[in-house]
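Enquirer: Residue numbers (this note's numbering): 4 to 234. If you scroll down you'll find the structure; I have some questions about it.
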């Protein structure tokens with residue numbers, strides 16, 4: 004500017020320069036828009052999972068909806084188990100493993116008989132669900148109305164859900180930090196993230212119900228009665 008005899012703050016105005024600057028600015032804006040859009044897509048995956056967890060938490064805290072959640076978790080648990088089961092003819096091939104896995108979570112002797120009646124995957128729900136639901140309702144009926152739900156079911160479910168959810172969030176952070184490396188293998192990082200996130204969330208729901216049911220079906224409440232002394 005000194006050579007031209009112009010002040011330092013004189014704006015440079017030339018069509019070629021202006022067009023170049025505008026094109027560069029447009030490219031930068033598109034780049035950052037693409038990044039923001041991708042970030043939102045990643046966030047959307049976790050937000051959907053968060054909505055499911057918050058819905059479950061609301062059901063646990065609601066007296067009217069908690070029993071519905073217990074039924075839902077029982078059905079989901081049986082469905083998950085059925086996917087790990089193979090058949091040989093009309094009999095469960097790995098019946099001993101299935102039985103041990105079930106009894107480890109639900110100490111209900113009637114499950115053995117129910118398993119022996121199953122001849123295909125579609126019968127898992129019809130045979131096992133009534134047995135487990137009946138066992139849970141029977142356990143509740145051993146105590147005054149509402150006591151077992153309040154003292155055991157609600158507390159156990161909340162504790163299991165909150166703890167596993169926090170661990171899941173940490174796992175999802177690790178997944179997101181490293182998912183970009185999948186691009187080196189000619190894979191879409193966002194698509195791979197969605198696949199992994201779905202698998203991890205399925206595992207999360209299974210772990211929550213597995214841990215909770217282990218405690219719920221074994222819980223015993225000791226009720227102490229105060230004896231009034233006669234003076």
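Using N, Cα and C, we set each Cβ at its ideal position, and we do this for glycine too. Note that the structure is predicted; figures quoted are calculated from it, not measured.
Taking contact to mean at least 3 C-beta pairs separated by less than 8 Å, is the region 106–116 in contact with the region 204–217?
Expert: A contact is defined here as three or more CB-CB pairs under 8 Å, and the region 106–116 meets this definition with respect to the region 204–217.
Enquirer: Per DSSP, residue 91 is paired with what?
Expert: 94
Enquirer: Count the other C-beta atoms from every protein chain shown that fall within 10 angstroms of the C-beta of residue 227, then say buried if there are 16 or more, exposed otherwise.
Expert: Counting the other CB atoms within 10 Å of its CB gives residue 227 a total below 16, which places it among the exposed residues.
Enquirer: Using a Cβ-Cβ cut-off of 6 Å (strictly less than) and excluding sequence neighbours within five positions of residue 124, which residues of its own chain qualify?
Expert: 85
Enquirer: Measure the alpha-carbon distance for residue 169 versus residue 156 and round it to whole angstroms.
Expert: 20 Å
Enquirer: Under the three-state reduction of DSSP, which class applies to residue 174: helix, strand or coil?
Expert: It is helical.
Enquirer: Among the residues of its own chain, which have a CB less than 8 Å from the CB of residue 179, if the five just before and after it don't count?
Expert: 45, 196
Enquirer: Using the three-state DSSP reduction, which class does residue 112 fall into: helix, strand or coil?
Expert: Residue state, collapsed to three classes: coil.
Enquirer: Give the secondary structure of residue 39 by DSSP, where H, G and I count as helix, E and B as strand, and everything else as coil.
Expert: Only weak support exists for where residue 39 lies, its pLDDT of 46 falling under 50; the value from the coordinates is given anyway. Correct three-state label for residue 39: helix.
Enquirer: Just how far apart, CA to CA, sit residue 164 and residue 225?
Expert: 25 Å
Enquirer: Throw me the rounded Cβ distance for the residue 211 and residue 167 pair, which I believe falls under 8 Å.
Expert: 5 Å
Enquirer: Out of 201, 136, 160, which one is the CA nearest neighbour of residue 78?
Expert: Answer by Cα proximity: 136.
Enquirer: Kindly indicate which residue of 129, 198, 116, 120 has the alpha-carbon position closest to the one of residue 94.
Expert: 120
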